[in-house]
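Below is one structure, written out as structure tokens; the observations come after it.
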Amino acid sequence: MSEHPFGHIADKVKELLEHGQQTLRDQVTAALEAASAISGPPTEDRLDSFYQSFRLLANAHSQVDLLTGLLNSTASFSPRVALFIVKNDHLFGWAARGFEKSFEQSVKKVNWAVSNYAELMRVVSQHQAIHTNFSELSDLADEISKFDGFVPLKSAFFPIQVRGKVAAVLYVDSGSQATLGNLDVLDMLRYIAGLELTMITLKLKKEGDYKTKEIAKESVPPRKAAPEPEPEPEPEPEPEPEPEPEPEPEPEPEPQYEPPVAATPQPTFTPPSRSDAGDEDRNVKKAKRVARVLVSDIKLYHEAEVAQGQQRGNMYQMLKEDIDRSFQHFRERTADIAPPGTNYFKDELIRQLADGNASLLGQLPF
């Protein structure tokens, strides 16, 4: 067993990345060890919170789920957090936690040009994290204080990198507290989030890849590790994150890093017996979820184009390349599980991008 408090977490990250790039595996291990070495051994509660956050990120299979998980995880370590998406050298507000409700509901209106603020230039262009007194910020301090009229003492910005570029920026501050702690944990979470996002965008993570394999493995080691502190009953909180695997991809032999073709060894649509009805329902749910996730990713990163497409009624022409690529990916992943004659991807395009009005999509080739 690893001697370092974060050793087993590094091992889990290695396992998650075994079908990814070797360089990513080396980087995340080094980052975890370096960050934890600087901060010293964590407390039991702090380590447990970090571990739960890590599992939340590892089990995310869409960009929206991943970013939401990152936001909620960091909110448990910092009084106020906000997440911004980087696009065309601008930062666009995505979501926030810990601020006044009015700002949390209007955060998407934030639009900052990176070149206008020295701090954002360092974070986005030079990939540097910044921890500073709020009073030492440039004009950016005025912009942040407009969020809800509050002026914190400490603040920090973390770049979230995807394939060598900063795709998002995580902002945290001390709120009403005098100090801003847990910077090492926040740095590790944003780093892991970047790696997971990279795997999602490269299509290296598939439905059920880790939810069956990893949770089954993880639920055992913590129980063995728990007897040392003596309160053996405490491992029970561990299963709490398990409600997440809603989609029911429970059959352990299923995806396990294999192409969806081999995902379900048992008969799917052949004889419509009663025992097969459950499998069919599960496959339909899975196919619908794949479509929902793919379309939500298009919507997340192309909000302006979606709005224009709705106004002009030519959504497909506006987003042709992204829609075609996502549809091809949908077909590859659901070839053996989607019932004949269905097109859940098109259904999601109509529901999410066209607000239920199919005519706004324009002429679709499928």
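Numbered per our numbering, the sequence shown finishes at 366, counting up by one with no gaps.
Glycine included, C-beta positions come from ideal geometry on N, C-alpha and C.
For residue i, which residues from the same chain have a beta carbon less than 6 Å from its beta carbon, with the 5 sequence-adjacent residues on both sides left out?
i	result
PRO227	Residue confidence is low: PRO227 scores 45 on pLDDT, short of 50, so the model does not pin down where it sits. Its coordinate-derived value is still stated next. Hits under 6 Å: none found.
PHE147	PHE99 and PHE103
GLY309	MET315 and MET318
VAL261	In this prediction, VAL261 has a pLDDT of 42, which is less than 50 and means its spatial position is unreliable; what the coordinates show is noted afterwards. Once the five neighbours on either side are set aside, the close Cβ partners of VAL261 are ASP336.
THR198	VAL162 and ARG163
ASP388	Residue 388 lies beyond the range of the chain shown here (1 to 366); nothing can be said about it.
ILE192	LEU57
ALA129	PHE158
Let's test the definition: count the other Cβ atoms within 10 Å of the Cβ of residue i and tell me whether it reaches 16, buried, or not, exposed.
i	result
THR179	exposed
PHE77	buried
SER176	exposed
LEU170	buried
LYS154	buried
PHE366	exposed
ASN88	exposed
ALA307	exposed
HIS127	exposed
GLU119	buried
SER73	buried
GLU420	Since the first and last residues shown for the chain are 1 and 366, residue 420 lies out of range.
LEU67	buried
Less than 8 Å between C-beta atoms, sequence neighbours within five positions excluded: which residues of the same chain meet that for residue i?
i	result
MET121	VAL114 and SER115
SER145	VAL151
ASN111	HIS90, LEU91, PHE92 and GLY93
ILE38	Unreliable placement is indicated for ILE38, whose pLDDT of 44 sits below 50; the coordinate value is still reported in the next sentence. Excluding sequence neighbours, ILE38 sits near ASP184.
SER326	LEU294, VAL295, ASP297, ILE298 and PHE345
VAL64	VAL293, SER296, ASP297 and LEU300
ILE160	LEU70, VAL166, ALA167, ALA168, VAL169, LEU170, ARG190, ALA193, GLY194 and LEU197
THR201	GLN63, VAL162 and ARG163
LEU137	GLU119, ILE144 and SER155
ILE350	GLY356, ASN357, ALA358 and LEU361
On a Cα-Cα basis, can you pick out the residue from the options that is closest to residue i?
i	options	result
PHE92	VAL124, ALA75 and THR74	VAL124
MET315	GLN128, ASN357, LEU66 and ASN72	ASN357
VAL185	ASP324, ILE337 and GLN52	GLN52
GLU303	ALA96, ARG55 and LYS109	LYS109
GLN105	ARG97, TRP112 and ASN111	ARG97
ILE298	ASP142, ALA354 and ASP173	ALA354
ASP324	GLN363, ILE144 and ALA167	GLN363
THR334	LEU294, ARG190 and ALA95	LEU294
TYR117	PHE134, HIS131, GLN128 and ASP139	ASP139
LYS101	ALA82, ARG190 and PHE50	ALA82
ALA141	ALA167, ASP173 and ILE85	ASP173
LEU195	ASN59, ARG80 and ILE350	ASN59
HIS329	VAL86, THR132, VAL166 and VAL290	VAL290
LYS393	SER135, ILE85, GLY181 and THR132	With the chain covering only 1 through 366, there is no way to say anything about residue 393.
TYR301	SER62, LEU361, PRO79 and ALA75	SER62
SER49	THR68, ALA75 and LEU66	ALA75
LEU361	LYS320, GLY341 and LYS288	LYS320
GLY181	GLY149, THR132 and GLN311	THR132
LYS203	LYS288, GLU305 and GLU332	GLU332
THR342	ALA95, LYS288 and ARG282	LYS288
Could you please give me the residues that DSSP links to residue i through a beta bridge?
i	result
TYR301	None; TYR301 has no bridge partner.
VAL81	ARG97 and VAL172
LYS87	HIS90
GLN161	VAL166
ALA75	None, per the DSSP bridge assignment.
ALA358	None; ALA358 has no bridge partner.
Give the DSSP-derived three-state secondary structure of residue i in the structure shown.
i	result
SER155	strand
LEU353	helix
ASN59	coil
GLY341	coil
THR132	strand
GLU214	Note on GLU214: pLDDT 41, under 50, position unreliable in the model; the coordinate value appears next. GLU214: helix per DSSP, three-state reduction.
ALA378	In the structure displayed, the chain extends from 1 to 366; residue 378 sits before or after that span and is not available.
ASN314	coil
ASN283	helix
ALA113	strand
LEU137	coil
LYS288	helix
LYS146	coil
ALA178	coil
LEU204	coil
ASP65	helix
ALA335	coil
HIS127	coil
VAL261	Here the model assigns VAL261 a pLDDT of 42, short of 50, so the residue's position is not dependable, and the following value carries that caveat. Helix.
GLN363	coil
Can you find a CB in chain C that lies within less than 8 Å of the CB of residue i?
i	result
GLY181	Reference to chain C is not applicable here, since this structure consists of a single protein chain.
For residue i, which residues in the same chain have their Cβ closer than 7 Å to its Cβ, ignoring the five residues on either side in sequence?
i	result
SER359	GLY313
VAL284	PRO339
PHE134	ALA141, VAL151, PRO152, LEU153, LYS154, SER155 and ASP173
GLN352	VAL295, SER296 and LYS299
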